[in-house]
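Chains as they are written, first to last, in our numbering: chain A, 8 to 307; chain B, -19 to 240. Where a beta carbon is used, it is the ideal one built from N, C-alpha and C, also for glycine. Comments concern the structure below.
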Amino acid sequence: MSGARAAILTDGLTKDYGGGRGLFDLDLEVARGEVLGFLGPNGAGKSTTMRLLLDLIRPTAGRAWVLGFETRAASLEIRRRVGYLPGDLALYLKLTAGQMLEHLAALRGGVDRAHLNTLVERFAVELDRPIADLSTGNRQKVGLVQAFMHDPELLILDEPIAGLDPLVQQSFHALLREVTDGGATVFLSSHTLSEVERVADRAAILRAGRLVITESLERLRAQAIQRLEIEFAGSPPLAELRSLPQVREVEANHRHVNISFEGSADAIVKALARHEVRAIRSHDDDLERIFLRYYREGEQ
Amino acid sequence: MIRPVFALAFRLRAPAAVSAGAGLVAVSAIAGALFPAVGHTIGKLDLPRGVADLLGGADYGTVAGWFNGEIASVYGPLVVGAVAITAAAATTAGEEENRILALLLGHPVTRARLIVGKAAAMALGTALVAAIAWAGLELGVALAGGGIAARNQAALALHLGCFGLATGAVALALGAGTGRRGLAVAGASGFTLAGYLIAGFAPLVDGLAWLRYLATYHYYSGHDPLANGVGIADCAVLVLFAVALTAVAAAGFERRDLRG
């Protein structure tokens, strides 16, 4: 097996810390140009996977390739081409943000100053302030700038929006779109679905160190049980709604009705059209339920 | 990419080295100022041989003996060793415990180069303390009324620097090999203290006298640089010991998982 065509390829990748902790038998492929969201609760093995890919830790079994390079044999080449944001980012507290970025740029070598300055402006990094005085979000911005500053082929981002305010999150997502439009691959971990849903093509769900599912968000959404909240002008047609094959559950509270359904909403909309409807709201937290189901399956 | 690693590690540790050096200058100056009033009164103490050796001969009646007892035997190596040990442990295991190394090693820098850069910074910091100590000796000896050749004062500073290198290298190897700062500091301190005691007491027992050759302190003080100038062979042993332990540090760091 070789990972020449994939941005990331793992074959039975295992890191066993004992006591059931670690990562077990991970087979994962991330295509070049893809954005893969790596989801899982805390301790599921997301950071462990990323650290294995960067050769910060070594596998107990299995192998991995990043951009066609085997992680143990060509770690330096991989790190030259990858932008990495660690989880729980730590920086030198005695340096200013500017000095920190200068140091990391010097370590990396060949960083385009104009590009670096653009990123600094884009994230409004306060270069002159000591890291010790920066909030978690402002430190995270320094981490993001260093991850993007060399225009990497692959970004490995461990919980990238941790501590960022919504405006900075928007800037980050816009930048992510730009780099993926330019052909970069993104491997991004999160324990929140909404972030992954916003930027990823596919999601991989990890639970207790094992890969549960890798699926496109589109297909995951198709599995979702959707919910509609409807307010009728008159008596709700409960029997008619319950008789529709897509409908799973109907709950009524006077003129307010909550409908849970799977698949197409077409039959429901046509049934509703025969009645006077004052308000209709759909809920988009259905994917969250799917992910929670995957998270919890192993606990039961 | 050793240079940025070296430059930052030195920059972060230099203030501590300068403070420690300033402390050495102050102690040397005080010792020098006290000698005319106190030294002749105390004279040569009648102590058991091992204890006297640990105090640089315990001859407080001469300027050389006074500075041997006050600076060269205890305070000098204690300060230089402490600076080297804390620098080596902080820049390796300390940064690993603080999780900064995870960020640095996400960049294209090998672990060996990282260790070499940090070892070089530790060496320069140690040299800085030793150089300041030399200036302090010059001041102290002048205040005492002279009596030690300038080249012998420089020799003591050189021996101090080499001793610091060797001591720091123990912390470097332990820090890089384990990623545990506390272990690196305690291990290197224990190794150095044990060496100090062995250098003093092992020669008293015929069958154990050879043990002193295992102590870095023996190579630092055995030649008595304030009296005899530079002991090139002893300094070479200390430097080679430091180089070997730096290689051990790099190899140990290369083989293991990053902690945290």
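- prompt: What number of angstroms, rounded off, separates the C-alpha of A103 of chain B from the C-alpha of L(-8) of chain B?
  reply: In the second sequence, counting from the first residue as 1, residue 103 of chain B sits at position 123. In the second sequence, counting from the first residue as 1, residue -8 of chain B sits at position 12. Their Cα atoms are separated by approximately 14 angstroms.
message: Can you pull the chain B neighbours of L98 of chain A, defined as C-beta to C-beta under 9 angstroms?
response: Taking the first sequence and counting its residues from 1, the one referred to as residue 98 of chain A is at position 91. Within chain B, the residues near L98 of chain A are I80 and L83.
field: Span separating the alpha-carbon of R79 of chain B from that of L16 of chain A
entry: Reading the second sequence from its first residue, position 99 is the one you call residue 79 of chain B. Reading the first sequence from its first residue, position 9 is the one you call residue 16 of chain A. The straight-line gap separating the alpha-carbon atoms of R79 of chain B and L16 of chain A is approximately 26 angstroms.
message: Just to confirm the assignment: which complete beta strand (DSSP E) runs, minimum length 3, are found wholly within the region 38 to 85 of chain A?
response: With a minimum length of 3 residues, the continuous beta strand (DSSP E) runs that stay inside the region 38 to 85 of chain A are 42 to 46 and 68 to 73.
message: Determine whether the beta carbon atoms of D237 of chain B and R65 of chain A lie at a separation below 8 angstroms.
response: Position 257 of the second sequence, counting from 1, holds the residue named residue 237 of chain B. Position 58 of the first sequence, counting from 1, holds the residue named residue 65 of chain A. Contact: yes.
N145 of chain A: first and last residue of the uninterrupted alpha helix (DSSP H) it sits in: Residue numbering aside, residue 145 of chain A sits at position 138 when the first sequence is read from its first letter. First-last of the alpha helix (DSSP H) with N145 of chain A: T143 to F155.
query: Counting along the chain, where does the beta strand (DSSP E) carrying V219 of chain A start and finish?
result: Looking up residue 219 of chain A in the first sequence gives position 212. Here the beta strand (DSSP E) through V219 of chain A covers R217 to S223.
- request: Check whether the region 5 to 12 of chain B touches the region 109 to 121 of chain B, counting contact only when three or more Cβ pairs, one atom from each stretch, lie closer than 8 angstroms.
  value: A contact exists between the region 5 to 12 of chain B and the region 109 to 121 of chain B.
field: Local conformation of S250 of chain A per DSSP, three classes
entry: As a first step, residue 250 of chain A is located in the first sequence; it is residue number 243 there, counting from the start. Residue state, collapsed to three classes: coil.
field: Counted within 10 angstroms of its Cβ, other Cβ atoms place Y193 of chain B as buried (16 or more) or exposed
entry: Within the second sequence, numbered from 1, the residue matching residue 193 of chain B stands at position 213. Result: exposed.
message: Within 8 angstroms of any Cβ in chain A, is that where the Cβ of G86 of chain B sits?
response: Position 106 of the second sequence, counted from the first residue, corresponds to residue 86 of chain B. So, interface residue.
- request: Would you list the one or two residues that DSSP bridges to A2 of chain B?
  value: If you number the second sequence from 1, residue 2 of chain B lands on position 22. Answer is none; A2 of chain B lacks a bridge partner.
- prompt: Between the C-alpha atoms of E190 of chain A and L182 of chain A, what's the straight-line distance to the nearest angstrom?
  reply: Residue numbering aside, residue 190 of chain A sits at position 183 when the first sequence is read from its first letter. Residue numbering aside, residue 182 of chain A sits at position 175 when the first sequence is read from its first letter. The identity of residue 190 of chain A in the sequence shown is Gly, whereas the question assumes Glu. Cα-Cα distance, rounded: 13 angstroms.
message: Among the candidates A:I138, A:A246 and A:S54, whose CA atom is the shortest distance from the CA of Y99 of chain A?
response: Counting from one through the first sequence, the residue named residue 99 of chain A turns up at place 92. The residue with the shortest Cα to Cα distance from Y99 of chain A is A:I138.
Three-state class that DSSP yields for I287 of chain A in the structure shown: Walking along the first sequence from the start, residue 287 of chain A turns up at place 280. Looking at I287 of chain A - three-state DSSP - the assignment turns out to be strand.
- prompt: Is there at least one Cβ from chain A nearer than 8 angstroms to T90 of chain B's Cβ?
  reply: In the second sequence, the residue the question calls residue 90 of chain B occupies position 110. Chain A contact via Cβ: present.
- request: Report yes or no: is there a C-beta of chain B within less than 8 angstroms of the C-beta of I64 of chain A?
  value: In the first sequence, residue 64 of chain A corresponds to position 57, counting from 1. It does; some Cβ of chain B falls within 8 angstroms.
task: Whole angstroms is fine: what's the gap from R146 of chain A's alpha carbon to A104 of chain A's?
output: Walking along the first sequence from the start, residue 146 of chain A turns up at place 139. Walking along the first sequence from the start, residue 104 of chain A turns up at place 97. C-alpha separation (whole angstroms): 8 angstroms.
message: Can you tell me which residues form a DSSP beta bridge with A259 of chain A?
response: As a first step, residue 259 of chain A is located in the first sequence; it is residue number 252 there, counting from the start. Partner(s): A:V264.
- request: Step through the CB atoms of chain B and report whether any lies within less than 8 angstroms of the CB of D23 of chain A.
  value: For the purposes of this step, residue 23 of chain A is taken as the residue at position 16 of the first sequence. Closer than 8 angstroms: no.
- request: Give the range of the alpha helix (DSSP H) segment to which F221 of chain B is assigned.
  value: Here residue 221 of chain B refers to the residue found at position 241 of the second sequence. Its alpha helix (DSSP H) spans residues I212 to R235.
Own chain, CB closer than 8 angstroms to R296 of chain A, minus 5 neighbours either side, in chain order: As a working mapping, residue 296 of chain A is identified with position 289 in the first sequence. Cβ neighbours of R296 of chain A beyond the five flanking positions: A231 and I232.
message: For F233 of chain B and A68 of chain A, I'd like the C-alpha separation in whole angstroms.
response: The residue labelled residue 233 of chain B in the question sits at position 253 within the second sequence. The residue labelled residue 68 of chain A in the question sits at position 61 within the first sequence. If you take the alpha carbons of F233 of chain B and A68 of chain A, they lie about 20 angstroms apart.
- prompt: In or out: V152 of chain A buried (at least 16 other Cβ within 10 Å) or exposed?
  reply: On the first sequence, residue 152 of chain A is found 145 positions in, with the first residue counted as 1. The residue is buried, with at least 16 neighbouring Cβ atoms inside 10 Å.
- prompt: When the cut-off is 8 angstroms and only beta carbons count, does K53 of chain A lie next to chain B?
  reply: On the first sequence, position 46 is the one that residue 53 of chain A refers to. Taking Cβ atoms only, chain B never reaches closer than 8 angstroms to K53 of chain A, which makes this a no.
Beta-carbon proximity list for F171 of chain B, same chain, < 6 angstroms, skipping 5 on both sides: Taking the first residue of the second sequence as 1, we reach residue 171 of chain B at position 191. Counting only Cβ-Cβ distances below 6 angstroms, and skipping sequence neighbours, we find V150.
field: Residues near G155 of chain B by beta carbon distance below 7 angstroms, same chain, minus five either side
entry: The sequence position of residue 155 of chain B within the second sequence is 175, counting from 1. Answer for G155 of chain B: A68, A69, T72, A73, R161 and A164, listed in chain order.
field: Distance between A99 of chain B and G3 of chain B (C-alpha atoms, nearest Å)
entry: In the second sequence, residue 3 of chain B corresponds to position 23, counting from 1. In the second sequence, residue 99 of chain B corresponds to position 119, counting from 1. Looking at the two C-alpha atoms, the distance is approximately 24 angstroms.
field: Straight-line gap, G45 of chain B to L(-12) of chain B (C-alpha atoms, nearest Å)
entry: Here residue 45 of chain B corresponds to residue number 65 of the second sequence, with the count starting at 1. Here residue -12 of chain B corresponds to residue number 8 of the second sequence, with the count starting at 1. If I take the Cα positions, the gap works out to 40 angstroms.
query: Nearest-angstrom Cα distance between G141 of chain B and D135 of chain A?
result: In the second sequence, residue 141 of chain B corresponds to position 161, counting from 1. In the first sequence, residue 135 of chain A corresponds to position 128, counting from 1. Between G141 of chain B and D135 of chain A, the C-alpha separation is close to 36 angstroms.
- prompt: First and last residue of the alpha helix (DSSP H) that includes R131 of chain B?
  reply: Position 151 of the second sequence, counting from 1, holds the residue named residue 131 of chain B. Taken as a continuous stretch (DSSP letters only), the alpha helix (DSSP H) holding R131 of chain B covers A130 to T158.
message: I need the boundaries of the beta strand (DSSP E) containing R214 of chain A, first residue and last residue.
response: Reading the first sequence from its first residue, position 207 is the one you call residue 214 of chain A. Looking at the DSSP string, the run of the beta strand (DSSP E) that includes R214 of chain A is R209 to R214.
query: If you count every other CB in all the chains shown that lies within 10 Å of the CB of I212 of chain B, and 16 or more means buried, which is it?
result: In the second sequence, the residue the question calls residue 212 of chain B occupies position 232. By the 10 Å Cβ count, I212 of chain B comes out exposed.
- prompt: So, helix, strand or coil for I168 of chain A, using DSSP?
  reply: Your numbering for residue 168 of chain A matches position 161 in the first sequence. Coil, per DSSP.
N- and C-terminal bounds of the beta strand (DSSP E) containing R234 of chain A: Here residue 234 of chain A is taken as the residue at index 227 of the first sequence, counted from 1. Note, R234 of chain A: beta strand (DSSP E), I232 to F239.
message: I need the straight-line Cα distance from G25 of chain A to S53 of chain B, nearest angstrom please.
response: By 1-based counting over the first sequence, the position of residue 25 of chain A is 18. By 1-based counting over the second sequence, the position of residue 53 of chain B is 73. Whole-angstrom Cα-Cα distance: 49 angstroms.
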